[in-house]
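Here is the structure we will look at.
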Ligand SMILES: Nc1ncnc2c1ncn2[C@@H]1O[C@H](COP(=O)(O)OP(=O)(O)OP(=O)(O)O)[C@@H](O)[C@H]1O
Ligand SMILES: [Mg+2]
């Protein structure tokens, strides 16, 4: 197996949803072709907001309102697939969803709750976006973005 190569791109505090959008746009500008974006963070930390920021940066103007996939697990946008695995409960569902096929896509794939994917294969750059609330600062988030290659 090749060694894992990792580098941190952003490790800072966002003070507002708009600032988080700007970080999402920075990530999009770095992506050339396919990429897997894994979003980790607690409930309500801002994972879907970050994905929406990516959508804006990709020019999907009418789709901003398309929110958290609350009942569906997967949303397809032009150039990007958004998976929210919070409600995916077992391997059967993972197969039903065909995660492997989605990961083989040439588009960007953004995944909330990637812990639920189990082990995966991905041929391309993987970006880990970690978002954390800051106690007593409602609109602040610690955001760390790192790049990884398997
Ligand atoms: N600096 C910030 N960056 C991002 N979101 C922020 C920030 N400050 C406040 N917020 C708010 O936090 C909320 C984040 O909600 P969002 O649905 O994106 O979270 P989530 O991590 O996807 O939650 P879930 O785990 O339920 O899917 C939004 O209402 C957003 O406006
Ligand atoms: Mg969400």
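Residue numbers (this note's numbering): 942 to 1091.
Don't be surprised by glycine CBs; every beta carbon is placed ideally from N, CA and C.
Quick caveat, the model's predicted, so the values are computed rather than measured.
Of the residues the options, which one's Cα is nearest the Cα of residue i?
i, options, result
"residue 1074", "950, 946, 961", "961"
"residue 947", "1079, 1066, 1072", "1066"
"residue 1069", "963, 1038, 978", "978"
"residue 989", "1015, 975, 949, 1057", "1015"
"residue 981", "1063, 1090, 1056, 1062", "1056"
"residue 1019", "1025, 1085, 1051", "1051"
"residue 984", "997, 999, 1091, 1026", "1026"
"residue 987", "1084, 1000, 1022", "1084"
"residue 992", "1087, 1081, 1034, 1049", "1049"
"residue 998", "967, 1035, 1077", "967"
Quick check on the DSSP output: the beta strand (DSSP E) that includes residue i runs from which residue to which?
i, result
"residue 980", "976 to 981"
"residue 995", "Careful: residue 995 lies outside any beta strand (DSSP E), inside the alpha helix (DSSP H) at 988 to 998."
"residue 1025", "1021 to 1025"
"residue 1030", "Taken as a continuous stretch (DSSP letters only), residue 1030 belongs to no beta strand (DSSP E), as it is neither H nor E."
Mind checking which residues open and close the alpha helix (DSSP H) that includes residue i?
i, result
"residue 948", "Careful: residue 948 lies outside any alpha helix (DSSP H), inside the beta strand (DSSP E) at 946 to 955."
"residue 959", "958 to 971"
To which residues does DSSP link residue i through a beta bridge?
i, result
"residue 1082", "955, 1074"
"residue 1088", "948, 1068"
Worksheet item: In the segment 1038 to 1079, which residue ranges form an unbroken beta strand (DSSP E) of at least 3 residues, counting only runs that do not cross its ends?
Response: The segment 1038 to 1079 contains these whole beta strand (DSSP E) runs: 1049 to 1053, 1067 to 1075.
Worksheet item: Taking contact to mean at least 3 C-beta pairs separated by less than 8 Å, is the segment 1030 to 1043 in contact with the segment 953 to 971?
Response: no
Worksheet item: Per the contact definition of three or more C-beta pairs closer than 8 Å, is the segment 1042 to 1061 in contact with the segment 944 to 958?
Response: no
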